[in-house]
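Asks: Position 133 (the sequence shown) corresponds to 145 in our numbering; numbering is contiguous. Positions of the beta carbon are idealized from the N, C-alpha and C atoms, including for glycine. Computed from a predicted model, the values in this text were never measured in an experiment.
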Amino acid sequence: AVIGENTVVGGPEGVATVGPDVVVGANAKIGPNAMVKENVKDMSKEEAERILKLNPVSFDYIEGDKDCRGFIAEEVEKELPNLVAEGYGKKGDKFHYRPKSLDYVSMIPYMVKVLQMQEDRIAKLENEIASLKNNKEGK
13 AVIGENTVVG
23 GPEGVATVGP
33 DVVVGANAKI
43 GPNAMVKENV
53 KDMSKEEAER
63 ILKLNPVSFD
73 YIEGDKDCRG
83 FIAEEVEKEL
93 PNLVAEGYGK
103 KGDKFHYRPK
113 SLDYVSMIPY
123 MVKVLQMQED
133 RIAKLENEIA
143 SLKNNKEGK
């Protein structure tokens, strides 16, 4: 579909290209059903905690939107290379250059796992506090 000067392209990989400089991963709707997956296992604590090493930043695009929030692909690539799509071409070639891009949607499982771990930790700490209060009151 063409929207203004931007072209939106979808495919089985769930990738959409919007305009000359933006690639959006749209895989949120691709194959969430267990019937199409194998080797399913829980994400490890160590793997999930890698997202905590990422540095959220604010930035302005050189040509485009200002006051944006996100991450720097090269920094993310050091911790979670599976979330970074390689770019191609030479900078300055508007029609044949694509910078590295991030799959923000695939960050969600990492964030959910970290939230679950934090909830577990909070519950344990609350139980510990309650136990300490009960012991203090009982003496």
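Just the C-alpha distance for Gly45 and Cys80, rounded to the nearest angstrom, thanks.
Replies: Translated into positions along the sequence shown, residue 45 becomes position 33. Translated into positions along the sequence shown, residue 80 becomes position 68. Looking at the sequence itself, residue 45 is Asn, so the reference to Gly does not match. Taking the straight line from one Cα to the other gives about 33 Å.
Asks: Under three-state DSSP, which class holds Gly150?
Replies: On the sequence shown, position 138 is the one that residue 150 refers to. Correct three-state label for Gly150: helix.
Asks: List the residues that DSSP assigns as beta-bridge partners of Arg110.
Replies: By 1-based counting over the sequence shown, the position of residue 110 is 98. Partner(s): Tyr100.
Asks: Below 8 Å, can you find three or more Cβ-Cβ pairs linking the region 69 to 88 to the region 129 to 138?
Replies: Counting Cβ pairs under 8 Å, fewer than three are found: no touch.
Asks: Would you decide whether Leu95 is buried or exposed? Buried here means 16 or more other CB atoms lie within 10 Å of its CB.
Replies: Residue mapping note: residue 95 aligns to position 83 of the sequence shown, counting from 1. Burial call: buried.
Asks: Can you give me the C-alpha to C-alpha distance between Lys65 and Gly150, rounded to a whole angstrom?
Replies: On the sequence shown, position 53 is the one that residue 65 refers to. On the sequence shown, position 138 is the one that residue 150 refers to. One C-alpha to the other measures close to 43 Å.
Asks: Please report the residue range of the beta strand (DSSP E) in which Val69 lies.
Replies: Position 57 of the sequence shown, counted from the start, is the residue given in the question as residue 69. Here the beta strand (DSSP E) through Val69 covers 69 to 71.
Asks: Do you know how far the Cα of Ile84 is from the Cα of Met123?
Replies: By 1-based counting over the sequence shown, the position of residue 123 is 111. By 1-based counting over the sequence shown, the position of residue 84 is 72. Roughly 18 Å separates the two Cα atoms.
Asks: Going by alpha carbons, who is nearest to Gln130 out of Glu50, Ala60, Met119?
Replies: Position 118 of the sequence shown, counting from 1, holds the residue named residue 130. It is Ala60 whose Cα lies nearest to the Cα of Gln130.
Asks: How about Gly99 and Lys112: are their beta carbons less than 8 Å apart?
Replies: For this step, residue 99 is matched to residue 87 along the sequence shown. For this step, residue 112 is matched to residue 100 along the sequence shown. Yes, they are a contact pair.
Asks: Confirm, please, whether the CB-CB distance from Asp77 to Ala97 is below 8 Å.
Replies: Residue mapping note: residue 97 aligns to position 85 of the sequence shown, counting from 1. Residue mapping note: residue 77 aligns to position 65 of the sequence shown, counting from 1. Not in contact: Ala97 and Asp77 (Cβ atoms no closer than 8 Å).
Asks: What is the DSSP secondary structure of Glu140, counted as helix, strand or coil?
Replies: As a working mapping, residue 140 is identified with position 128 in the sequence shown. Three-state result, Glu140: helix.
Asks: Apply the 10 Å Cβ neighbour rule to Lys148 and answer buried if 16 or more other Cβ atoms are within range, or exposed otherwise.
Replies: What you label residue 148 is simply residue 136 of the sequence shown in a count that begins at 1. That one is exposed.
Asks: In terms of residues, what are the limits of the beta strand (DSSP E) holding Gly12?
Replies: Outside the modelled stretch of the chain, which goes from 13 to 151, sits residue 12, for which no answer is possible.
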